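To start, the structure itself, in structure tokens.
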Amino acid sequence: MREYLLTLCITAAVTYLLTGPVRKFAIVAGAMPEIRARDVHREPTPRLGGIAMFFGLCAGLLVADHLTNLNQVFETSNEPRALLSGAALIWLIGVLDDKFEIDALIKLGGQMIAAGVMVVQGLTILWLPVPGVGSVALTQWQGTLLTVALVVITINAVNFVDGLDGLAAGMVCIAATAFFLYAYRIWYSYGIEAAAPATLFSAILMGMCLGFLPHNMHPARIFMGDSGSMLIGLVLAAGAISVTGQVDPDALNLYVGSEKEAVHQTVPVYIPLLLPLTIIAVPAADLILAIVRRTWRGQSPFAADRGHLHHRLLEIGHSHSRAVLIMYFWSALIAFGALAYSVNSASMWIVLGVVFLSAIGLLLLLLPRFTPRAPRWMEHFVPPRYRRRGSVAALAPEASTPASAADQHVPAGAESRTPAVSGVAGVNGATAIGPRSRLADRRKAGTTR
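Numbering (the working numbering) for the sequence shown: 1 to 449.
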């Protein structure tokens, strides 16, 4: 465990320290596209954050290769090299897209090629545990097609959810944490060395996300871009492929009997990891809904819009930070709920706990509809949105100079708005370029600027 934690810390440190210079490089290189209609941020923000994340991945693999216990992963398996090859290819495609906005079909082709590169080097699904049947061996073509499909689905699911500051990195970090606990349990508790690569991949992925999050939390100073979102999606898919398609479920000895019964006992673990709809259930649901929505309108499935789940949370009335935290909550609930169920599927308390937390999650979704109002004696200690309108005006400081009659005329519905602070609009998170412009009137998601 100590070597995994060391690898995680080195990966996080390298990613964190490189993100600042990468941000300056992105500004100089002009990797700051204009704000689009579907964007939530209000100021041009540099991309190319995936550069720091990729070098963090390389640092993590390099450190692990020189550690005593983790070195065996590189000696007995070619999967770390396969991951690095596929990650380098998908990272280059993402960097080009962040700078030049390449076509969606070209990106899709690059994703399939990156998955094929990993398959050629041995990172592929060899068999599937099927309930009531046992381990079904796959032919080379079947394993290749299933591996490529899983990689492409996971990459695009993570890419689709990357719409708010800190959302994609945080959700993938939660998924990687649950995945690490599962893979480490398979490797350490059952002594199955085939699960060691997946454990290493998930530890490095956690480090990449944790190192980038301080720069990407709202208000974000830099975006990971496609170079980062596709990269972490590929690493997540590589871990799922490694532990699902290459670990023999009968080797766990969870059930003394036939192989079919052993597979049946491990269904709560392997089926979610086969198609990682539990650890990235929210991004996968967003991906499916986006494809159905765009196809129903006669648009291309790759056409961008403002109908994602995080956009809908903003439309309901949630703030930026609260929408991100709600998405974190649901991701953690599904990922760790599946992890707990895989450890003890016979416990009814786990099911009741998941149901109870789901009810809390639904209550949080409807929170803007039931905004509480604080008592008058507490209005000095709570945010302005919880105060009564009359109290907000009374608590506001009076102007130092009297306003004219024309200035005192306020349009209807504008009394709750705060005047925008004048200043030079700079880069998001700008330091020397200029102060950040604070736009007071928060338009509803979907409206034109």
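Each residue gets a CB set at the ideal place from its N, CA and C atoms; glycine is no exception. Only a predicted model underlies this, so the values are computations on that prediction, with no experimental measurement involved.
query = Across which residues does DSSP place A149 in a beta bridge pair?
reply = Per DSSP, none; premise fails for A149.
Counted within 10 angstroms of its Cβ, other Cβ atoms place V343 as buried (16 or more) or exposed = V343 counts as exposed, since fewer than 16 other C-beta atoms from the protein chains shown sit within 10 angstroms of its C-beta.
request  = Could you name the residues of the same chain whose beta carbon sits closer than 7 angstroms to that of M217, not counting the 5 residues immediately before and after it, in chain order?
outcome  = For M217, same chain residues with a beta-carbon under 7 angstroms away, outside a window of 5 residues either side, are D165 and G166 in chain order.
key: Exposure label - T124; buried when at least 16 CB within 10 Å   = Per the 10 Å Cβ criterion, buried.
task = Output the residue ranges of the alpha helix (DSSP H) runs that lie fully inside the region 54-101 and measure 4 residues or longer, sorted by chain position.
result = As far as the region 54-101 is concerned, its whole alpha helix (DSSP H) runs of at least 4 residues are 71-76 and 79-100.
ask   = How many Å lie between W91 and M348 at the Cα?
value = About 44 angstroms.
inquiry  = For a quick check, are the C-beta atoms of G225 and G56 less than 8 angstroms apart?
reply    = Contact annotation: G225 and G56 have beta-carbon atoms that are not nearer than 8 angstroms.
task = Along the alpha helix (DSSP H) that carries E3, what are the first and last residues, could you check?
result = Segment R2 to A29, the alpha helix (DSSP H) holding E3.
request  = Rounded to whole angstroms, what's the CA-CA distance from C58 to T19? Just pull it up for me.
outcome  = Taking the straight line from one Cα to the other gives about 15 angstroms.
request  = Return the CA-CA distance between L112 and A323, expressed in angstroms with no decimal places.
outcome  = Leu is not the amino acid found at residue 112; the sequence shown has Met there. One C-alpha to the other measures close to 32 angstroms.
inquiry  = If I follow the unbroken alpha helix (DSSP H) through N216, where does it start and stop?
reply    = From DSSP, the alpha helix (DSSP H) with N216 extends over A196 to N216.
Cβ-based neighbour list, R81, same chain, cut-off 7 angstroms, excluding 5 preceding and 5 following = Result list for R81: Q121, in chain order.
ask   = Going along the chain, which residues of its own chain have a beta-carbon closer than 7 angstroms to the beta-carbon of S422, five neighbours each way excluded?
value = With a pLDDT of only 36 at S422, under the threshold of 50, the placement of this residue in the model should not be trusted; the figure read from the coordinates follows. For S422, where only same-chain residues beyond five positions count, there are no Cβ hits under 7 angstroms.
task = Classify T418 as helix, strand or coil using the three-state DSSP reduction.
result = Because T418 sits at a pLDDT of 42, beneath the cut-off of 50, its placement in the model cannot be relied upon, and the point is left open.
task = Can you grab the Cα-Cα spacing for the pair A137 / G143, in whole Å?
result = Taking the CA atoms as reference points, A137 sits about 9 angstroms from G143.
ask   = Under 8 angstroms between the Cβ atoms of G3 and N78?
value = For the sequence presented, residue 3 should be read as Glu rather than Gly. With respect to the 8 angstroms criterion, E3 and N78 are not classified as neighbours on the basis of their beta carbons.
key: Selected residue, minimal CA-CA separation from V117, among L200, F100 and S85   = When each option's Cα is compared against that of V117, the closest is S85.
key: Distance CB(W330)-CB(G353) smaller than 8 angstroms   = No Cβ-Cβ contact shorter than 8 angstroms links W330 with G353.
query = Thinking C-beta only, is A31 closer than 8 angstroms to L210?
reply = Contact: no.
query = For A87 versus L150, is the C-beta distance shorter than 8 angstroms?
reply = Note that the C-beta distance between A87 and L150 is not below 8 angstroms.
request  = Report the rounded CA-to-CA distance for C9 versus K107, giving the unit in angstroms.
outcome  = Each residue's alpha carbon lies about 31 angstroms from the other.
message = Please report the straight-line C-alpha distance between P197 and C173, rounded to a whole angstrom.
response = Using only the alpha carbons, I get a separation of about 18 angstroms.
ask   = Under a Cβ-count criterion, where at least 16 other Cβ atoms within 10 Å of its own Cβ denotes burial, should V148 be classed as buried or exposed?
value = Burial call: buried.
task = Could you round the C-beta distance between I222 and H215 to whole angstroms and report it? I think they count as a contact, below 8 angstroms.
result = With a Cβ gap of about 5 angstroms, I222 and H215 count as contacting.
ask   = Sorted by chain position, which residues of the same chain lie with C-beta nearer than 8 angstroms to T401's C-beta, five sequence neighbours on each side aside?
value = Residue confidence for T401 is low, a pLDDT of 45 falling below 50, so the modelled location carries little weight and cannot support an answer.
message = Let me confirm a value: R47 is counted as buried when at least 16 other C-beta atoms fall within 10 Å, else exposed. Which label applies?
response = Its Cβ being crowded by 16 or more others within 10 Å, R47 is buried.
inquiry  = Helix, strand or coil for V392? Go by DSSP, reduced to three states.
reply    = With a pLDDT of 46 at V392, under the threshold of 50, the predicted position of this residue should be treated as unreliable, though the coordinate-derived value follows. In this structure, V392 counts as helix in the three-state DSSP scheme.
ask   = DSSP state of L452, grouped into three classes?
value = The shown model of the chain, from 1 to 449, leaves out residue 452, and the question about it has no answer.
key: Same chain, Cβ closer than 8 angstroms to V355, neighbours up to 5 away in sequence not counted   = The beta carbon of V355 lies closer than 8 angstroms to none in the same chain, with the five residues before and after it left out.
request  = Work out the CA separation of V235 and T154 for me, nearest whole Å.
outcome  = It is roughly 9 angstroms from the alpha-carbon of T154 to the alpha-carbon of V235.
inquiry  = Among M230, L365, A338 and L289, whose alpha-carbon lies nearest the alpha-carbon of A114?
reply    = Measuring from the Cα of A114, the nearest candidate turns out to be M230.
task = Measuring alpha carbon to alpha carbon, tell me which of L213, I326 and L181 ends up nearest L366.
result = The closest CA to that of L366, considering only L213, I326 and L181, is found on I326.
ask   = Among L128, G163, F25 and L313, which has the Cα closest to the Cα of K99?
value = Minimum Cα-Cα distance from K99 among the listed residues L128, G163, F25 and L313 corresponds to F25.
message = Can you check which of these residues, L5, N156, L128 and T76, is closest to G109 by C-alpha distance?
response = Answer by Cα proximity: N156.
Cβ shell of V243 (< 7 angstroms), same chain only, five flanking positions each side left out = Cβ contact annotation for V243 (same chain, cutoff 7 angstroms, sequence separation greater than five): A183, I186, A195, A198 and L273, in chain order.
request  = State the DSSP-derived secondary structure class of S319, mapped to helix, strand or coil.
outcome  = The answer is coil: DSSP assigns S319 none of H, G, I, E or B.
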